[in-house]
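Its first residue numbered 4, the sequence shown is counted upward by one per residue in our numbering. Structure record follows, encoded as structure tokens.
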Amino acid sequence: MGPVSAQVFDSSTATIAVVTFNRSGLLSRLLESVVVMDPKPGHLVIIDNASTDDTTEVVESFRERLGTELVYRRLETNTGGSGGFSEGVRTAYELGSEWIWLMDDDVEVLPDGLARMGHWAPRFRSIQGRRYDFDGSEFYWQYRIAERMGIPIPFAPAGFGASGYKEMNSGCFEGMFINREIVARIGLPDPRFFIYWDDQMYGWLASRITTSVIVDEFVLRRTREIRQWDMGIRHMNASSDAYRYYIMRNRAHIKNYYRTNGVYNPVLFGLGTTLTFGKELIRLLFVERTVRGTSNLFRGLRDGARIARDRSWRPMQPLTDQPAL
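Written out as structure tokens, the structure is:
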């Protein structure tokens, strides 16, 4: 990370990029929260993953109320969260945005959220804020990964010291606040993930060239209730067959990125994959309360093996002439 700048954060240089799919009711709540934000971003980008509900009408009904420039792009096909965020970052980058704030459609922004993130912008280039859960509790996000295993560390300390931040080596597209300089160097989020592991990988790539941090600032609130297994400080959310498939398949994309960056250890990474498989079995038993769904885990492993053997695989490329990571 370069020297700390005394420059004051200019909210007009920031863009909020939202990915949505067939959840116009939730999107409406997010847009209502943008209406009352102070300060507001210079742009609001909405990437619609080919919704078939009234998303377009809902978005247009807010255009005159938002108080910021709205850019709405409806994709021809559903590219998953990964494809949506890739397009969202691309659009925001092409708009000249200095800062890009990524989020799903099932959150709302707290009124002073952008000011709180902007407070840290002169110092860091990859920042994660905090979020309240649906019930108002403080959501714990696993902000560090065991790098060689490629999995989150569930017992990373939850508390913040006097500094108000902790270094992270991961990322979450539900609130990632990233500078265009970092985007230029690591490229766009990889749409090939479709869903899952994409934001962890993007945050990891960012942390290799800058000091990435999670800050003790509550800036978002989840607006959708998710079935959970309450384990005290930690929670395990419900999942789906699609998530189970991509959780395992996309381990191959992580493996390929690790190979490219020279950090791949077959034994440790294999252990991470085994632990991931075991975690999903636990999720099935204790959250979903079923044993059905294991076939999707095996199918993901099978298809991932093909990706890992693909000699034509290449990482996403930088948007500048600087060398790829």
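All C-beta atoms in this analysis are idealised placements derived from N, C-alpha and C, irrespective of residue type, glycine included.
Which of the three DSSP states is assigned to residue i in this structure?
i: S100; result: coil
i: M234; result: Annotation note: pLDDT 48 at M234 (below 50); position unreliable, coordinate value reported separately. If DSSP states are grouped into helix, strand and coil, M234 belongs with coil.
i: K282; result: helix
i: N81; result: coil
i: V216; result: strand
i: R126; result: coil
i: I148; result: strand
i: V294; result: coil
i: E228; result: coil
i: Y75; result: strand
i: I250; result: helix
i: P194; result: helix
i: T55; result: coil
Compare the beta carbon distance of residue i and residue j with 8 Å and say whether it is the shorter of the two.
i: T82; j: G45; result: no
i: D41; j: D115; result: yes
i: L191; j: S89; result: yes
i: G167; j: D219; result: yes
i: G303; j: R211; result: no
i: V48; j: S27; result: no
i: L105; j: A159; result: no
i: T58; j: T23; result: yes
i: R188; j: Y96; result: no
i: S173; j: Y146; result: yes
i: R286; j: D109; result: no
Going by DSSP, which residues form a beta bridge with residue i?
i: A17; result: W102
i: L223; result: V112, R134
i: F180; result: W104, I130
i: E141; result: Y135
i: V270; result: In the DSSP output, where bridge partners are listed per residue, V270 has none listed.
Span of the alpha helix (DSSP H) holding residue i?
i: H256; result: 254-264
i: Y205; result: 201-210
i: N299; result: 297-312
i: I189; result: 183-189
i: F12; result: Run containing F12: none; DSSP gives neither H nor E here.
i: G28; result: 27-38
i: F65; result: 58-65
Restricting to Cα atoms, I'd like to know which of the options is closest to residue i.
i: R254; options: I310, S15, W104, V74; result: I310
i: Y143; options: P125, V112, E177, R128; result: E177
i: E111; options: N259, N25, E35; result: E35
i: I217; options: G164, N268, W200; result: G164
i: E150; options: V11, L271, A308; result: L271
i: R133; options: S14, D201, G296, F180; result: F180
i: V38; options: G91, L73, V11, A53; result: L73
i: G70; options: S85, D56, S14, G91; result: S14
i: T94; options: K43, I50, D193; result: I50
Tell me where the beta strand (DSSP E) around residue i begins and ends.
i: M319; result: That residue, M319, is in no beta strand (DSSP E); it is neither H nor E in DSSP.
i: I345; result: Residue 345 lies beyond the range of the chain shown here (4 to 328); nothing can be said about it.
i: E170; result: 168-170
Would residue i pass as an interface residue toward chain B - the criterion being a Cβ-Cβ separation below 8 Å?
i: W144; result: Any reference to chain B falls outside this structure, which holds one protein chain only.
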